[in-house]
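Beneath this line is the structure, given in structure tokens, with notes to follow.
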Amino acid sequence: MKKEAWFINSSRGEVADTNSLKVGLGSGRLGGAIIDVWENEPDIDHDLMEKAFISTPHIAGYSTDGKANGTAMAVNSLARFFKIPLANWYPLNVPVPDIAEIIIDGKGKSDEEILMQAVFHTYNIEEDDTRLRFSPSDFEKQRGDYPFRREFPAYTVNLKGGTKNVREMLKGIGFKVN
419 MKKEAWFINS SRGEVADTNS LKVGLGSGRL GGAIIDVWEN EPDIDHDLME
469 KAFISTPHIA GYSTDGKANG TAMAVNSLAR FFKIPLANWY PLNVPVPDIA
519 EIIIDGKGKS DEEILMQAVF HTYNIEEDDT RLRFSPSDFE KQRGDYPFRR
569 EFPAYTVNLK GGTKNVREML KGIGFKVN
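Using the working numbering, the letters of the sequence shown map in sequence onto residues 419 to 596.
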């Protein structure tokens with residue numbers, strides 16, 4: 419990797435060698451790391467967790483939407499295989515977010531600040547990071563008791579001001595934008 423590059427792993431823990439990653443982080447060769455998946459889960463490497471900028475307990479796919487989409491894919495695949503007349507099934511009553519409209523006054527804010535405000539409204543990754551660092555031995559429990567979280571398409575950003583570019587970026591990552 420390029421010097422000072424950031425390493426983000428939300429796929430499989432085994433795609434990275436933990437020891438090499440720790441050496442890269444300890445030497446300053448890497449700019450940082452965000453780790454959601456770990457070699458040897460649930461027995462995660464505590465030293466890597468401490469060196470990572472953000473550490474989470476393999477929850478990238480644990481949003482309500484991720485679970486609903488995965489369930490729909492399985493049901494639809496089984497329906498096709500067994501020739502059950504059930505096309506495009508999707509779970510009913512997926513809960514809506516408490517505050518689905520994100521109101522942002524873009525006056526005086528950079529595009530990055532607007533994006534951060536929208537994203538942080540939907541999900542505070544620091545809470546997952548804190549829970550894991552506080553109690554890494556509860557890795558599986560944290561996954562099993564994962565709090566309700568919706569993905570960006572469940573939200574509408576009502577942006578006052580802001581550039582055309584930031585509106586396109588918000589739409590590009592999945593938000594509805596007014």
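The C-beta atom is built at its ideal place from N, Cα and C for all residues, glycine as well.
Q: Going by CA-CA distance only, name the one from Pro475, Trp424, Val441, Ala423 that's closest to Gly431.
A: Selection Pro475, Trp424, Val441, Ala423 evaluated against Gly431 yields Pro475 as nearest (Cα-Cα).
Q: Determine the DSSP secondary structure at Asn427, reduced to helix, strand or coil.
A: The three-state reading of DSSP puts Asn427 in strand, counting E and B together.
Q: Below 7 Å CB to CB, which residues in the same chain sit around Leu443 once its five sequence neighbours on both sides are set aside?
A: Excluding sequence neighbours, Leu443 sits near Ala451, Lys469.
Q.
Between which residues of its own chain and Asp529 is the CB-CB distance below 8 Å, once the five residues before and five after are set aside?
A. So the list reads Gly580, Thr581, Asn583, Val584, Met587, once near-sequence residues are dropped.
Q: Find out if the Cβ-Cβ distance for the pair Phe566, Pro513 is shorter than 9 Å.
A: Yes, Cβ-Cβ distance for Phe566 and Pro513 is below 9 Å.
Q) Residue range of the beta strand (DSSP E) that Lys559 falls in? A) Annotation: Lys559 is outside any beta strand (DSSP E); the continuous alpha helix (DSSP H) that includes it extends over 557–562.
(Q) Quick check: the Cα distance between Asn576 and Arg568, rounded to an integer number of angstroms? (A) Per the coordinates, the alpha-carbon of Asn576 lies some 18 Å from the alpha-carbon of Arg568.
Q. At what residue ranges does the stretch 503–564 contain a whole run of the alpha helix (DSSP H), taking only runs of 4 or more?
A. Counting only runs of at least 4 residues, the stretch 503–564 fully encloses the following alpha helix (DSSP H) elements, listed from N- to C-terminal order: 529–540, 543–552, 557–562.
Q) In angstroms, rounded to a whole number, what distance separates the CA positions of Glu459 and His539? A) In this model, Glu459 and His539 are separated by some 29 Å (Cα to Cα).
Q: Give the C-beta separation of Leu448 and Leu466 to the nearest angstrom, bearing in mind that I take them to be a contact with Cβ-Cβ under 8 Å.
A: Leu448 to Leu466, Cβ: 12 Å. No contact.
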